[in-house]
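Please read the structure below before turning to the comments.
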Amino acid sequence: MDMLLAEVGVRCDRCGTSFVSRQLPTFIDIGHRNSELRQDYRGYQPMMEQYAIISCPSCGRADWSTEFPPVPGKPVLTQASTSAHMQYRQAALDKERNAGSINSFQAAVFYVHAAWCADDSKAFPQAREYRRLAVESYKRSLSDNTCPQDSRGETEYLIGELMRRAGDFEGARDHFRMCIGRLNARFAFMARKIMRLCEQGSTEPIPFEADAAMQSSVASSGSALGAPVGISAPVAPAGAPPSSAPPSPRASYSGPPTVGPPGFSGSPSTGQSQPSHQSMPAASPGPLRSSTNPPSSAGSKGPPAGSSGDAGGPPVGPPGSKKGDSKPKGSPTQPPPGAPPLA
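Yeah, the sequence shown ends on 1593 if you go by this note's numbering, and it's all consecutive.
This is the structure:
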């Protein structure tokens, strides 16, 4: 992959020397990462990390290219022609030893970039050593609080992966067993894959494909996450028990229950009378019952309250009472027209 480099004049804030640096004017992030969270260009190796570091040719200070302010014109001096992984190593040492800028987390980041550049240069022994140094710096950053709070999970994941890449398989497995419960779902998914690679003795990087794998897992599990909010749950198949309790009778309540004439049976769920198998003539309407005579419950058989039991139905009243015992206490009520006199 061809890269367009630009010559930019910069100045070192430590010694004031101006020099020409070679930088990438444009950097494209395609979103893919490998297991060490390095840019993964799917077959291409542009090795762009070597242009993200700059070393001063006068004092030897090494830092990110963005830490050197630009200057107008074109200076005479050029940046030091040191290998990229050595420049990252110098930047990491500066973050570890310089009293004014000690930062274990930044030192670990520099060591990781040094390992990547050493891999690109086929300097594999140096790459393993840089990864060991990165693990130590990352662990210190967790204890001295130089690691940002929102990067602690990522840092704990990287510690285990860097240990595996450096060949410390048992240490990587022990580390993940200790911290996997604190990792989020994406890093925990990758941690389990890395632990299996440790059992196989592999030090090769793998693609970071936790997101795609988790989405396919959720899709295959179907209702693993339950019905989304605002979407009704699926109806249970025929013959299956109901997924929820039956609806309350109050949901279909349409007024007080009515009692039909003899031969009709009331529905206890709806309070509406349903005809029996034997057809009966319609009952003539009568006056309303008195408020002193309590209505009979829905679904019971018998004549309306206040009339005698000679119509063929069971006696009105509690079990064990005799005919005529249903007369309410207190002032008597007048029977409807055509009814026999009260006993």
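For glycine and all other residues, C-beta sits at the position ideal for the given N, C-alpha and C. Quantities reported herein were computed from a predicted structural model and do not represent experimental measurements.
Distance from the CA of residue 1392 to the CA of residue 1366, rounded to the nearest whole angstrom, comes to 23 Å.
In this structure residue 1294 is exposed. Its beta-carbon is surrounded by fewer than 16 other beta-carbon atoms within 10 angstroms. Taken through DSSP and simplified to helix, strand or coil, residue 1280 comes out as coil. For the 8 Å CB-CB criterion, residue 1303 and residue 1330 do not form a contact.
Counting along the chain, residue 1344 sits inside the alpha helix (DSSP H) bounded by residues 1334-1347. In the DSSP assignment, residue 1259 falls within the unbroken beta strand (DSSP E) covering 1256-1261. The stretch 1263-1273 makes no contact with the stretch 1423-1437: fewer than 3 CB pairs, one atom from each, lie closer than 8 Å. In this chain, residue 1295 is not harboured by any beta strand (DSSP E), its DSSP state being neither H nor E. With fewer than 16 other beta carbons inside 10 angstroms of its own, residue 1279 counts as exposed.
Between residue 1428 and residue 1385 a beta carbon distance of about 14 Å is seen, past the 8 Å cut, so the two are scored as non-contacting.
Cβ-Cβ distances below 7 Å link residue 1460 to 1436, 1439, 1440 in the same chain, with the five nearest sequence neighbours on each side left out; the list follows chain order. Beyond the five residues adjoining it in sequence on each side, residue 1346 comes within less than 6 Å, by CB distance, of 1357 in the same chain, given in chain order. In chain order, 1422, 1425, 1426 place their CB closer than 6 Å to the CB of residue 1410, counting only its own chain and leaving out the 5 sequence neighbours on each side. By the C-beta density criterion, residue 1450 is exposed, having fewer than 16 other C-beta atoms within 10 angstroms. DSSP places residue 1325 in the coil class of the three-state scheme, outside both helix and strand. In the DSSP assignment, residue 1419 falls within the unbroken alpha helix (DSSP H) covering 1419-1429.
Leaving aside the five residues that flank residue 1320 on each side, the residues in its chain whose CB is nearer than 7 Å to its CB run, in chain order, 1258, 1259, 1260. By alpha-carbon distance to residue 1326, the top candidate from 1359, 1312, 1307, 1368 is 1307. When rounded, the separation of the alpha-carbon atoms in residue 1254 and residue 1431 is 44 Å.
DSSP lists no bridge partner for residue 1385. Setting aside the 5 residues that flank it on each side, residue 1360 is surrounded in the same chain by 1338, 1341, 1342, 1345, each with a C-beta closer than 7 Å to its C-beta; the list follows chain order. In this structure, the CA atom of residue 1270 is about 33 Å from the CA atom of residue 1284. Per the DSSP secondary-structure output, residue 1374 pairs with nothing in a beta bridge.
Residue 1387 sits buried, since 16 or more C-beta atoms from the chains shown fall within 10 Å of its C-beta. For the 8 Å CB-CB criterion, residue 1396 and residue 1354 form a contact.
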